[in-house]
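2 protein chains.
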Amino acid sequence: MNHKHGAILVLSGPSGAGKSSIINEIIYDIGDCYFSISTTTRPIREGETDGIHYHFVDEEEFQRDIEEDLFLEYAFVHGNYYGTSIKPVRKALREGKLVVFDIDVQGNTVVNTRLGDITTSVFISPPTLSELKRRLEKRQTDSQEVIERRVKMAKKEIQRITEYDYIVVNDKLDDAANTLRLIAKAARLKVSHTDINEFVQEWEDIEQ
Amino acid sequence: MNHKHGAILVLSGPSGAGKSSIINEIIYDIGDCYFSISTTTRPIREGETDGIHYHFVDEEEFQRDIEEDLFLEYAFVHGNYYGTSIKPVRKALREGKLVVFDIDVQGNTVVNTRLGDITTSVFISPPTLSELKRRLEKRQTDSQEVIERRVKMAKKEIQRITEYDYIVVNDKLDDAANTLRLIAKAARLKVSHTDINEFVQEWEDIEQ
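First to last, the protein sequences are chains A and B.
Counting along the first sequence from 1, when you hit position 78 you're at 78 in the numbering used here, and nothing is skipped either side.
Plus 208 on top of the position in the second sequence (first one is 1) and you've got the numbering used here.
Below you can see the structure in the form of structure tokens.
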């Protein structure tokens with residue numbers, strides 16, 4: 001069956017689980033995809049570029065987009081807004097791309113409710129909580145307070161991992177990347193209910 | 209994460225869709241798996257072997273097993289009982305195998321209700337209804353009456369294909385086999401909620 005309307009791969013997991021490293025490993029293998037860039041009100045950090053890491057906007061603009069229903073999902077996390085603008089996602093899906101989301105557990109719930117038929121969700125987990133702490137401390141980008149907050153958040157998120165289709169434990173990067181590569185390829189095979197209904201109609205029409 | 213308890217791959221699709229041919233193409237690639245053999249009250253056909261194609265039993269025995277809750281799912285189709293005995297499935301899952309079911313839409317609903325966390329379901333469809341008819345007539349194993357009944361059944365089943373995770377249209381055997389191979393590999397990565405809960409517990413315990 002054709003995948004006219006693309007498919008969605010949701011990646012969640014605490015900061016420090018190694019999502020970016022895994023994605024970098026497989027990005028050239030999973031073919032024609034669109035990495036959804038979130039919109040946020042949090043201040044830009046050193047080394048970040050507007051339009052690449054995030055779309056950085058002020059709170060007024062974010063609130064206006066909420067009112068105009070321009071977000072597929074949004075959340076208020078750690079004192080800042082984060083959201084997924086719906087327009088570029090629709091465009092990429094129309095072009096038949098695999099749309100990859102890096103969003104949290106709440107975001108996954110919303111995407112699954114709205115576009116569950118074409119969505120495959122993966123939770124990327126560090127092997128243990130203490131390993132997560134170690135990784136966050138090692139990368140020296142966050143204050144001790146932020147690290148504590150992230151760890152607390154991770155403890156909360158991990159309670160809801162049964163809501164995901166797959167769990168990838170990032171113990172060895174190569175293994176985790178191989179697993180995600182396979183899941184991403186399978187994710188592309190999901191077809192929307194709209195496409196299925198069209199197929200069923202054609203399937204019977206031809207007989208007449 | 210370990211896959212201590214195995215996973216399930218449900219294959220549905222009308223007789224004549226080419227399920228057996230596709231499975232024969234990929235059986236050696238998908239590794240350690242257990243093909244669930246259905247139990248049935250229908251008469252054994254020429255060329256069939258008891259314990260390989262089906263477990264052939266009489267209606268009395270089937271009824272007794274229903275009463276003792278020994279079926280994962282069962283159905284009365286085309287005047288005969290068909291069911292999946294639960295014991296060999298449990299054993300295969302405990303051994304970490306991928307259990308492959310060849311069951312119908314109703315059976316898929318039951319398996320998904322009872323073991324949805326470790327189940328991936330695939331509907332294998334012939335490209336069109338007229339192609340299905342052509343294939344059934346060509347293989348010359350069924351009477352015209354049986355073919356009519358199968359076609360009628362296929363029309364009903366296809367209305368419910370949105371209940372499946374994946375649709376594989378068997379137009380070219382090689383393409384269909386490649387697609388199913390990929391889905392089967394990904395199916396193996398699903399982990400049970402029991403395993404996930406154990407993982408979460410260990411994940412936090414280690415920190416203490």
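Glycine residues also receive a C-beta, built at the ideal position from the N, C-alpha and C atoms.
In the DSSP assignment, A/Ile-167 forms a beta bridge with A/Phe-123.
Within chain A, no residue has its CB atom less than 8 Å from the CB of B/Lys-360, the nearest being about 12 Å off. Going by DSSP, B/Val-319 is part of the alpha helix (DSSP H) stretching over 313-323. In the structure shown, B/Glu-256 adopts coil according to DSSP, grouped into three states. By the rule that beta-carbons nearer than 9 Å mark a contact, B/Asn-316 does not touch chain A. Where A/Asp-102 is concerned, there is no enclosing alpha helix (DSSP H), although the beta strand (DSSP E) around it starts and stops at 98-102.
Counting the other CB atoms within 10 Å of its CB gives B/Ile-326 a total of 16 or more, which places it among the buried residues. Counting of Cβ neighbours within 10 angstroms places B/Ile-252 among the exposed residues, the total staying below 16. Beta bridge pairing from DSSP links A/Phe-71 with A/Ser-85. A/Gly-16 has its alpha-carbon roughly 9 Å from the corresponding atom of A/Arg-139.
Taking 8 Å as the upper bound for CB-CB distance, B/Thr-292 and B/Gly-315 are in contact here, some 7 Å apart.
A Cβ-Cβ contact shorter than 9 Å links B/His-213 with B/Arg-302. According to DSSP, residue pairing for B/Ile-216 in a beta bridge involves B/Val-307 and B/Thr-327. Note: A/Phe-76 is bridge-paired with A/Tyr-81 in the DSSP secondary-structure output. Between B/Ile-260 and B/Ala-392, the C-beta gap is not smaller than 9 Å, which leaves the two residues out of contact. DSSP links B/Thr-247 through a beta bridge to B/His-263 and B/Gly-291. Inclusion of A/Ser-38 and A/Ile-103 in the CB contact set at 9 Å is warranted, their separation being smaller than that value.
Cβ neighbours of B/Leu-306 within its own chain (closer than 8 Å, five residues either side excluded): Gly-214, Ala-215, Ile-216, Leu-217, Ile-238, Gly-239, Asp-240, Cys-241, Tyr-242, Ala-392, Ala-395 and Arg-396.
With fewer than 16 other beta carbons inside 10 angstroms of its own, B/Thr-349 counts as exposed.
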